[in-house]
Amino acid sequence: MKKFISIIFCILFVSVSLPISSFANDNNIGFTIQPELPKNQKDKKVSYFDLRMKPKQQQTIYVRISNTSNKDGTFRFRVNQAYTNKSGFIDYAEDITKKDESLRYDTKNIISYKSQVRVKAKSVKKVPIKIKMPAEKYDGQILAGIQVMKEDDSNSKKESIKNQYGYILGLRLTETDESVKREIKLVDVKPAVSFARTSVVVKLQNPTMDAIGHLKYKAVVTDRETNKVVKKVSYDKDMQMAPNSTYDFAIDWDKKPLEPGDYTIDLTVSDAKNNKWNMKENFTITENQAEQVNKVAIGKVPEKTDWTKWIIIGGVILLIIVILLVIWYRKKNSPHQVRK
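So this is what it looks like as structure tokens:
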């Protein structure tokens, strides 16, 4: 039987302002992790790596794994670059292979580590992670999450679910305290299925090396032909964008089918630092796009009545009626025949 994977994460790096929850006790998952904070830890009050680095600097940092279970364990390591997830928040749980074109420093080129380690039962092991900083000096930050997963060593063929448990530990690399001018760009607008619903999706880009938090969104979609507002939404959920990332901002069509046509979107994004970005873009929903999205999100969409054939049939019937009326009229008004 095909095995499914159940994953439980304890996120230790959750906000754009980088607050960290305290390390949970074992949590019944059989292990804990803890960073060994080095001397160049910038903020010593937090429980994640917040390192002040220099260009070309090489450094090894350590994560301690405490295997509290009665069995030896295998642990998988992965360092994931920060990205903006589909809900509009900074995330580290996945290894995004397609990075944004604005990304200057990929963590894959900066950070190296063993992808798998073995820790004996009731013991602690220090796992090294090597950092090699870029040669160029930069302002801003490189954000990543150190993901530690415990593999299920069960070899039972009858088992249909394979459990994995893990933590994500934050890693922030900075070189200066210089502020970075924030920027958000509109890249594209298109109809799409988002969260299994009919939507218009706006692809937004944060091309800077700064994490942006407390974002609020207001969008108005107008039909260009009628100048009528067809959709108006507002999201005030303190959303976020990771450095050098994109976010697909989805405007939910409230389970209604998309209609083909020419539209304009007026989108305003603001943050807590009084930055405001107003973006306006024309876009088109073609008949084919509307049909494809509606079929996936709604199911079988009732076909629009084709009135052409009914107009032709009606025209033919009307013509026949006119001809019959003309014949009747002529017969009625024709001279009387001479009787014999």
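For the sequence shown, the positions run -24 to -1, 1 to 316 when mature numbering (1 follows the signal peptide of the UniProt record, and there is no 0) is used. Backbone N, C-alpha and C fix where the C-beta goes; we use that ideal spot for every residue, glycine too.
What is the C-beta distance between Phe51 and Val93, in whole angstroms, given that I count them as a contact (C-beta under 8 Å)? In this structure, Phe51 and Val93 form a Cβ contact; the two beta carbons are roughly 5 Å apart against a cut-off of 8 Å.
Start and end of the alpha helix (DSSP H) containing Gln268? Glu263 to Ala273
Report the rounded CA-to-CA distance for Lys307 versus Leu295, giving the unit in angstroms. 18 Å
With Thr222 and Gln265 assumed to form a contact (beta carbons below 8 Å), what rounded beta-carbon distance in angstroms separates them? Contact flag wrong, Cβ pair sits at about 21 Å.
Near Lys179, which residues of its chain fall below 7 Å by C-beta distance, leaving aside the five closest residues on each side in sequence? Once the five neighbours on either side are set aside, the close Cβ partners of Lys179 are Val163, Asp164, Thr222 and Asp224.
Among Pro167, Pro183, Val22 and Ala248, which residue has its Cα nearest to the Cα of Leu241? Reading off the sequence shown, one finds Ile at residue 241, where the question assumed Leu. Here the closest residue by C-alpha is Pro167.
Alpha carbons only, please: which of Ala111, Asn16 and Ser23 is nearest the one belonging to Gly121? Ser23
Meets three-Cβ-pair contact criterion under 8 Å: the region 182 to 201 and the region 211 to 219: yes
Rounded Cβ spacing between Thr152 and Asp115 (contact assumed at less than 8 Å): 5 Å
For Gly142, which three-state DSSP category applies? DSSP, reduced to helix, strand and coil, places Gly142 within a strand of the structure shown.
Compute the beta-carbon to beta-carbon distance between Tyr59 and Asp67, rounded to the nearest angstrom, for a pair I have assumed lies under 8 Å. 6 Å
With 16 other CB atoms within 10 Å as the buried threshold, where does Thr202 fall? exposed
Using a 10 Å radius around the Cβ and a threshold of 16 neighbouring Cβ atoms, would you call Gly291 buried or exposed? exposed
Compare the Cα-Cα distances from Lys102 to each of Ser42, Pro219 and Ser246 and report the closest residue. Ser42
Out of curiosity, what's the CA-to-CA distance linking Tyr305 and Ile293? 18 Å
What number of angstroms, rounded off, separates the C-alpha of Lys20 from the C-alpha of Arg28? 12 Å
Put Ala152 into one of helix, strand or coil per three-state DSSP. A small correction: the amino acid at residue 152 is Thr; Ala does not occupy that position in the sequence shown. Thr152 sits in coil when the DSSP states are folded into three classes, being neither helix nor strand.
Excluding sequence positions up to five away, which residues of its chain have a Cβ less than 8 Å from the Cβ of Asp247? Arg158, Ile188, Gly189, His190, Leu191 and Lys192
Excluding the 5 residues preceding and the 5 following Gly237 in the sequence, name in chain order all residues of the same chain whose CB lies nearer than 7 Å to its CB. Within the same chain, Gly237 has close Cβ partners Asp199, Glu201 and Ile261.
If you draw a straight line from the alpha carbon of Arg54 to that of Ser91, how long is it in whole angstroms? 6 Å
Which two residues bound the contiguous beta strand (DSSP E) that contains Ile5? Per DSSP, Ile5 belongs to no beta strand (DSSP E) and is neither H nor E.
Given a threshold of 16 other Cβ atoms within 10 Å of its Cβ, counted over all protein chains shown, does Leu301 qualify as buried or as exposed? exposed
Quick one: is Ile299 buried, meaning 16 or more other Cβ sit within 10 Å of its Cβ, or exposed? exposed
In terms of DSSP beta bridges, what is Glu257 paired with? Ile241
Whose C-beta lies closer than 6 Å to the C-beta of residue 348 among residues of the same chain, with five residues either side of it excluded? Residue 348 is absent from the structure shown; the chain starts at -24 and stops at 316.
Please name the residue, chosen from Leu147, Glu235, Lys62 and Thr244, that lies closest to Gln268 on a Cα-to-Cα basis. Glu235
Selection from Lys15, Val206, Leu149 and Asn251 that minimises the alpha carbon distance to Met185: Leu149
Can you tell me where the beta strand (DSSP E) with Gly64 in it begins and where it stops? That residue, Gly64, is in no beta strand (DSSP E); it is neither H nor E in DSSP.
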